[in-house]
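First residue of the sequence shown? That's 560 in the working numbering, and the numbers climb one at a time after it.
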Amino acid sequence: MYHVAALREAEFPITQEHLYFNNAGIAPLPQRSQQKMAWALQGLSHHPTHFWQQQGMPMAAAFQEELAAHIHAANPQEIVATSSTSAAINAVAQAVPWQQGDNIAFCEVEFPSNAYPWLSLERDGVAVRQVKAVDGGLTLAELEKVVDSNTRLVAASSVQFFSGHRTDLAAIGQFCHERGILFAVDAIQSIGHIPIDVQAMHIDILASGGQKSIMATPGSGFFYVRNEVAEMMRPRMIGANATHDFLHWLAYDLTPAQSAQRFQMGTPNLPGMFGLLESLRLIRELGVEHIDQHTTGLTVTAVAALTELGYEVITPLSDNGPITTFKSGMNQADTDALVNYLSEQHISVVKHLDAAGNPHIRLSFHCFNTAEEIAQFAAVMRAWRV
């Protein structure tokens, strides 16, 4: 394991003044990533062309190589920078050559980024089947009930944003692979927490914005499309650098670039990419398996503390990630008052509503959080209830 106290001091000054439990909403930027982005902005301010050629282009290659290694992709060309999970999944959804009668399956508790792009295809005759959630997420047993010979794609979150349920990607990936079904994964809540092997898990498409699990900035992210899958796709959103001969600007040749590079959307967010890559290096330095062990341990601690306080926790202990969610037991106004009270005590949590509108409170952890912070949170909650 890494040294949490040293990490907090070196990279996360927010820990000196806050109990920050909203990493599943937006995680703090590590100091090294902030400094790298400041350096990039300085270069773009003073010597933009030189910086682009001498620093930006080598970084873009490293971006692909290091992210490919992180998720065990077969080829760096399967990695593309993007602005958000939504942008990536929309690009893919519009590029698959759908046939009349095709259907898509995803769990009924998906975040909109992994639901709306698929639902929008209903206008083109693609059916969408929502799978009943069990323990707050997608299970193979429930998925099997809705899949048939016309199922073209299954979409899943590796960790559910609301419940913290951890999806069995290996089992579902194997199920899809055996049936020739595309498997698409929203990894924004897990890419910096949980080891992912896209080849072993038979993941065809994976997307992640940068601002959550990977601790980068909003407006940055990446996605992966397996080479064989990308080659059969025809993107409808086409960037200037997404074609095979893109440097011949006036040729107007729409022949797609090879592999996932056909999804490039013009000039990328260079400072954001520098920052994301620096955050990824920190995660790999700490060891994603160590972060996984640490944050799932914090979830177990938080569940125990909240249960002792009498709250109903909906996060399953059997399949959990770095998220702990509990029912507030109050109406929305009183739940808002509690969240505001916690904010005044320098404790950051968020309110979420389930499908029926019942208010819940979510805590989400990362590599820098500690069990002592959870004990402090529990003490404040106990005092508030008196």
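C-beta: ideal position from N, C-alpha, C; glycine also. In this text, all values refer to a predicted model and were calculated from it rather than measured experimentally.
Residue i versus the options, residue with shortest Cα-Cα distance
| i | options | result |
| --- | --- | --- |
| ALA789 | VAL655, GLU903, MET618, GLU932 | VAL655 |
| THR641 | ASN899, LYS910, ASN928, MET832 | MET832 |
| THR883 | ALA864, VAL898, ASN890 | ALA864 |
| TRP611 | GLY834, LEU728, ARG795, PRO827 | PRO827 |
| PHE829 | ARG840, ALA569, SER604 | The residue asked about is misnamed: residue 829 is Leu in this sequence, not Phe. The option with the nearest alpha carbon to LEU829 is SER604. |
| LEU835 | HIS629, GLN601, PRO671, ALA896 | HIS629 |
| ALA892 | MET792, LEU806, GLY916, GLU871 | GLY916 |
Helix, strand or coil at residue i according to DSSP, with G and I counted as helix
| i | result |
| --- | --- |
| CYS926 | coil |
| PHE610 | helix |
| ILE638 | strand |
| ARG795 | coil |
| LEU765 | strand |
| ARG840 | helix |
| TYR675 | helix |
| ASN649 | helix |
DSSP beta-bridge partners of residue i
| i | result |
| --- | --- |
| VAL909 | ARG921 |
| ILE741 | Here residue 741 is Leu; the residue named in the question, Ile, does not match the sequence. Per DSSP, LEU712. |
| THR802 | PRO815 |
| PHE833 | Answer is none; PHE833 lacks a bridge partner. |
| ARG725 | VAL718 |
| CYS666 | VAL690 |
| LYS886 | HIS919 |
| PHE781 | ALA640, SER767 |
Pairwise C-alpha distance: residue j and residue i
| i | j | result |
| --- | --- | --- |
| ALA650 | SER722 | 27 Å |
| ALA930 | PHE924 | 10 Å |
| GLU701 | HIS849 | 31 Å |
| VAL706 | LEU765 | 21 Å |
| MET796 | GLY768 | 19 Å |
| ASP763 | GLU837 | 26 Å |
| PRO881 | TYR675 | 25 Å |
| ILE663 | VAL784 | 18 Å |
| LYS771 | MET940 | 25 Å |
| GLY798 | MET616 | 18 Å |
| ALA942 | ASN879 | 28 Å |
| GLY751 | CYS926 | 9 Å |
Cβ-Cβ distance between residue i and residue j below 8 Å
| i | j | result |
| --- | --- | --- |
| ALA620 | ASN786 | no |
| HIS919 | SER877 | no |
| ASP851 | ILE753 | yes |
| GLN748 | ALA586 | no |
| THR802 | LEU809 | no |
| ALA647 | PHE742 | no |
| GLN758 | HIS631 | yes |
| THR776 | LEU588 | yes |
| ILE755 | SER717 | yes |
| LEU839 | GLU570 | no |
| GLY780 | SER643 | yes |
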